[in-house]
Amino acid sequence: MADRTHKILLDESQLPTQWYNVVPDLPAPPPVPLHPGTLQPIGPDDLAPLFPDDLIAQEVSTERYVDVPGEVLDVYRLWRPSPLYRAHRLEQSLGTPARIYYKYEGVSPAGSHKPNTAVPQAYYNARAGARRLTTETGAGQWGTALAFASGLFGLECEVWQVGASYDQKPYRRTMMETFGARVHRSPSDLTGAGRAVRAEDPQHPGSLGIAISEAVEVAAGDPGARYALGSVLNHVLLHQTVIGEETLLQLAAVEEVPDVIVGCTGGGSNFGGLTFPFLREKLAGRMSPVIRAVEPASCPSLTRGVYAYDFGDAAGLTPLMKMHTLGHGFVPDPIHAGGLRYHGMSPLMSHVYELGLVEALALPQTECFAAAVRFARTEGIVPAPEPTHALAACIREALACKESGEAKVIVTALCGHGHLDLAAYDAYLSGRMTDEDVTDERLAPSLAGLPPVPSA
Numbered sequence: 000m001a002d003r004t005h006k007i008l009l010d011e012s013q014l015p016t017q018w019y020n021v022v023p024d025l026p027a028p029p030p031v032p033l034h035p036g037t038l039q040p041i042g043p044d045d046l047a048p049l050f051p052d053d054l055i056a057q058e059v060s061t062e063r064y065v066d067v068p069g070e071v072l073d074v075y076r077l078w079r080p081s082p083l084y085r086a087h088r089l090e091q092s093l094g095t096p097a098r099i100y101y102k103y104e105g106v107s108p109a110g111s112h113k114p115n116t117a118v119p120q121a122y123y124n125a126r127a128g129a130r131r132l133t134t135e136t137g138a139g140q141w142g143t144a145l146a147f148a149s150g151l152f153g154l155e156c157e158v159w160q161v162g163a164s165y166d167q168k169p170y171r172r173t174m175m176e177t178f179g180a181r182v183h184r185s186p187s188d189l190t191g192a193g194r195a196v197r198a199e200d201p202q203h204p205g206s207l208g209i210a211i212s213e214a215v216e217v218a219a220g221d222p223g224a225r226y227a228l229g230s231v232l233n234h235v236l237l238h239q240t241v242i243g244e245e246t247l248l249q250l251a252a253v254e255e256v257p258d259v260i261v262g263c264t265g266g267g268s269n270f271g272g273l274t275f276p277f278l279r280e281k282l283a284g285r286m287s288p289v290i291r292a293v294e295p296a297s298c299p300s301l302t303r304g305v306y307a308y309d310f311g312d313a314a315g316l317t318p319l320m321k322m323h324t325l326g327h328g329f330v331p332d333p334i335h336a337g338g339l340r341y342h343g344m345s346p347l348m349s350h351v352y353e354l355g356l357v358e359a360l361a362l363p364q365t366e367c368f369a370a371a372v373r374f375a376r377t378e379g380i381v382p383a384p385e386p387t388h389a390l391a392a393c394i395r396e397a398l399a400c401k402e403s404g405e406a407k408v409i410v411t412a413l414c415g416h417g418h419l420d421l422a423a424y425d426a427y428l429s430g431r432m433t434d435e436d437v438t439d440e441r442l443a444p445s446l447a448g449l450p451p452v453p454s455a
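Reminder that position 296 of the sequence shown reads as 295 in numbering that gives the first Met the number 0, one-by-one numbering, no gaps.
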């Protein structure tokens with residue numbers, strides 16, 4: 000490898016034409032979702048009011064690879080393949096022998112990895128005859144991506160944005176509206192789920208679980224509407240594997256094999272998208288990286304949640320999914336990483352964690368923003384608050400290499416830029432940012448409210 004190679008690029012002809020499904024390669028199948036009324040496994044008919052047939056088929060697929068439709072590939076080519084960078088200047092500032100690579104997803108039209116799934120979801124819904132899509136969004140990256148994708152395929156888009164993020168990030172709302180979406184602060188007065196929360200607290204900061212309830216309620220009540228989710232579900236993680244597939248090709252081009260792969264985790268889509276193709280290679284014995292998920296200490300579903308069946312939303316409108324959860328009633332603190340403020344972890348991610356195939360780490364936001372500022376001042380990119388967690392973990396690993404003298408190859412995904420998150424940086428730089436302490440006592444009520452599902 001040339002000593003000062005900074006970015007590894009792929010030609011458009013190398014864009015992956017298949018998504019990778021990790022399920023067939025796992026040593027045990029993941030637990031199935033359950034109907035909340037009967038506690039029996041859900042079937043396609045149970046999901047039909049919310050999702051088109053193609054996405055339902057992908058959700059339950061046992062095929063290793065799923066072809067990417069040509070219409071989706073054509074949109075992907077607006078920004079894919081995305082670049083892989085070698086972080087030379089960050090390495091130098093740390094004085095580490097480690098080699099750090101980051102896959103940069105901030106080059107997409109929405110500025111994050113989210114269009115990787117928003118585009119196929121909009122495509123399949125439009126093909127199935129849907130008129131509009133409803134969704135939730137935390138930081139606004141997912142809502143922005145779905146607004147962009149919906150417009151491309153002639154769909155209306157209606158977004159419920161978590162109240163804390165709606166207040167903190169007004170220009171995210173403006174960006175969604177620029178792409179054509181209607182945006183509501185959640186909890187809103189437009190739904191029964193929202194009104195119930197507002198009756199208790201009119202200024203409630205909201206949560207992804209509440210916003211999901213509102214979007215699902217509206218979609219279920221309109222035959223022309225369908226619901227789209229930006230993370231958590233199997234088909235979402237499937238679509239994101241274009242990230243890892245490209246990264247494998249890029250590392251091979253410079254004859255590198257990762258020792259450590261780090262990704263931020265909220266619902267699991269960015270992490271699964273980066274790591275699942277590498278997990279395939281690890282399970283096949285072709286490499287042996289440590290794979291590490293990093294979550295916020297204020298919403299630690301993997302590291303402090305329980306592995307149990309729970310609702311994906313606050314009002315209990317979704318199927319029961321077995322996942323690492325803090326309880327669907329848990330409302331995280333309004334941290335700046337709004338995209339990681341979800342009470343549960345993707346069922347598939349949770350299953351992979353239970354199998355011992357990945358590690359997990361929770362970090363406080365001040366450490367994450369310290370890492371982000373260091374990254375910005377060396378690499379020239381202001382990260383979104385979410386991937387600052389992965390950057391902080393990368394820096395920890397690189398400094399450990401400095402102590403041990405090991406020249407490890409560290410790989411991460413910078414899943415979005417922070418150009419619309421500068422209020423968070425202002426809070427950090429001015430000393431106003433604090434770290435929230437989530438005590439066991441605070442978690443107890445939501446964990447006690449888990450639905451009574453007999454152990455399998």
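Note that the Cβ used here is the ideal one computed from N, Cα and C, for glycine as well.
These numbers were taken from a predicted model, which means no experiment stands behind them.
Taking residue i as the reference, give the member of the options with the closest Cα.
{"i": "ALA461", "options": "VAL22, TYR103 and GLU58", "result": "As shown, the chain starts at 0 and ends at 455. That puts residue 461 outside it, with no answer to give."}
{"i": "LYS321", "options": "HIS350, HIS112, LEU442 and PRO331", "result": "HIS350"}
{"i": "GLY69", "options": "CYS156, THR16, PHE270 and GLN120", "result": "THR16"}
{"i": "PRO384", "options": "HIS418, ALA314 and PRO276", "result": "HIS418"}
{"i": "TYR226", "options": "LEU89, VAL158 and THR190", "result": "VAL158"}
{"i": "ASP10", "options": "ARG79, THR365 and ILE242", "result": "ARG79"}
{"i": "ILE209", "options": "LEU132, GLU440, VAL67 and GLY191", "result": "GLY191"}
{"i": "GLY137", "options": "SER206, GLU176 and VAL118", "result": "SER206"}
{"i": "GLU294", "options": "MET175, LEU316, HIS323 and ALA399", "result": "HIS323"}
{"i": "THR246", "options": "LEU228, LEU278, ALA219 and ALA218", "result": "LEU278"}
{"i": "HIS5", "options": "ALA252, THR387 and ALA359", "result": "ALA252"}
{"i": "GLU353", "options": "ASN20, LEU14, PRO30 and TYR19", "result": "PRO30"}
{"i": "VAL241", "options": "PRO114, GLN91 and ALA397", "result": "PRO114"}
{"i": "LEU132", "options": "ALA296, PHE178, GLY223 and GLU62", "result": "GLY223"}
{"i": "LEU362", "options": "GLY379, GLY179 and ALA296", "result": "ALA296"}
{"i": "PRO299", "options": "LEU282, PHE275, PHE329 and ASP309", "result": "PHE329"}
{"i": "ASP420", "options": "ALA371, ALA406 and LEU398", "result": "ALA371"}
{"i": "GLY153", "options": "ALA127, ALA218, SER164 and VAL217", "result": "ALA127"}
{"i": "ASP73", "options": "PRO96, PRO119 and GLY94", "result": "PRO119"}
{"i": "GLU396", "options": "PRO23, ASP24, PRO26 and GLY94", "result": "GLY94"}
{"i": "SER164", "options": "VAL22, GLU62 and SER185", "result": "SER185"}
Looking only at its chain, what residues have a beta carbon closer than 8 Å to the beta carbon of residue i, apart from the 5 residues adjacent to it on each side?
{"i": "GLU58", "result": "LEU46, PHE50, LEU232, ASN233 and HIS234"}
{"i": "LEU360", "result": "ARG291, ALA292, VAL293, GLU294, THR302 and ALA392"}
{"i": "GLY150", "result": "CYS156, PHE178 and GLY179"}
Suppose you measure from the CA of residue i to the CA of residue j; what does that come to, to the nearest Å?
{"i": "ALA195", "j": "ALA214", "result": "15 Å"}
{"i": "PRO28", "j": "LEU273", "result": "21 Å"}
{"i": "PRO43", "j": "LEU54", "result": "10 Å"}
{"i": "ALA307", "j": "PRO450", "result": "9 Å"}
{"i": "ALA422", "j": "LYS168", "result": "8 Å"}
{"i": "THR134", "j": "GLU402", "result": "46 Å"}
{"i": "SER457", "j": "LEU356", "result": "The structure shown does not extend to residue 457, since the chain is modelled only from 0 to 455, so the question has no answer here."}
{"i": "ALA1", "j": "ILE7", "result": "Its pLDDT being 44, under 50, ALA1 is placed unreliably in this model, and the value from its coordinates should be taken loosely. Cα to Cα, ALA1 sits roughly 11 Å from ILE7."}
{"i": "LEU316", "j": "GLU280", "result": "37 Å"}
{"i": "GLU459", "j": "ALA314", "result": "No information on residue 459 is available, as it lies outside the stretch 0 to 455 that the chain covers here."}
{"i": "LEU250", "j": "TYR84", "result": "10 Å"}
{"i": "HIS183", "j": "ILE211", "result": "12 Å"}
{"i": "PHE374", "j": "HIS416", "result": "12 Å"}
{"i": "TRP141", "j": "ALA117", "result": "8 Å"}
{"i": "LEU446", "j": "GLY311", "result": "14 Å"}
{"i": "PRO453", "j": "ALA129", "result": "37 Å"}
{"i": "CYS400", "j": "GLN91", "result": "13 Å"}
{"i": "GLU176", "j": "THR377", "result": "33 Å"}
{"i": "GLU244", "j": "VAL217", "result": "36 Å"}
{"i": "CYS367", "j": "ASP332", "result": "16 Å"}
Counting contacts by CB-CB distance shorter than 8 Å, is residue i in contact with chain C?
{"i": "LEU33", "result": "In summary, chain C is missing from the structure at hand, where a single protein chain is found."}
Spatial neighbours of residue i within its chain, please: CB distance less than 6 Å, with the 5 preceding and 5 following residues excluded, ordered by chain position.
{"i": "ALA456", "result": "As displayed, the chain neither begins before 0 nor continues past 455, which places residue 456 out of reach and without an answer."}
{"i": "GLY266", "result": "SER230, VAL231, TYR341 and SER345"}
{"i": "ASP460", "result": "Examination of residue 460 is not possible in this model, given that the chain is present from 0 through 455 alone."}
{"i": "THR264", "result": "PHE270, ALA292 and GLU294"}
{"i": "HIS112", "result": "GLU104, ASN269 and CYS414"}
{"i": "GLU358", "result": "ARG291"}
Ordered along the chain, which non-local residues of its own chain (more than five positions away) have a Cβ less than 7 Å from that of residue i?
{"i": "ARG3", "result": "HIS87"}
{"i": "HIS34", "result": "ILE41, ASP45 and PRO318"}
{"i": "LEU77", "result": "PRO108"}
{"i": "LEU237", "result": "TRP18, ASN20, GLN57 and VAL65"}
In chain order, what are the residue ranges of uninterrupted beta strand (DSSP E) at least 3 long that sit wholly in the stretch 174–254?
181–185 and 224–226
Would you mind listing the beta strand (DSSP E) stretches within the stretch 298–375 that are 3+ residues and don't spill past its ends, in chain order?
305–310, 319–324 and 358–362
Could you pull out every unbroken alpha helix (DSSP H) segment of at least 4 residues lying fully inside the stretch 147–171, listed in chain order?
162–167
Counting only runs that start and end within the stretch 19–63, where is the alpha helix (DSSP H) found for 4 or more residues in a row?
43–46 and 52–58
Stretch-stretch touch, CB-based, cutoff 8 Å, three pairs: the stretch 423–430 with the stretch 116–127:
no
When you compare the stretch 433–447 with the stretch 289–303, are there three or more beta-carbon pairs, one atom per stretch, that lie closer than 8 Å?
yes
Taking contact to mean at least 3 C-beta pairs separated by less than 8 Å, is the stretch 397–414 in contact with the stretch 92–101?
Here the stretch 397–414 makes contact with the stretch 92–101; the two share three or more CB pairs at distances below 8 Å.
Taking contact to mean 3 or more Cβ pairs, one atom from each stretch, closer than 8 Å, check whether the stretch 278–294 and the stretch 246–260 are in contact.
yes
Sequence ranges, beta strand (DSSP E) only - wholly within the stretch 96–133, length at least 3
98–103
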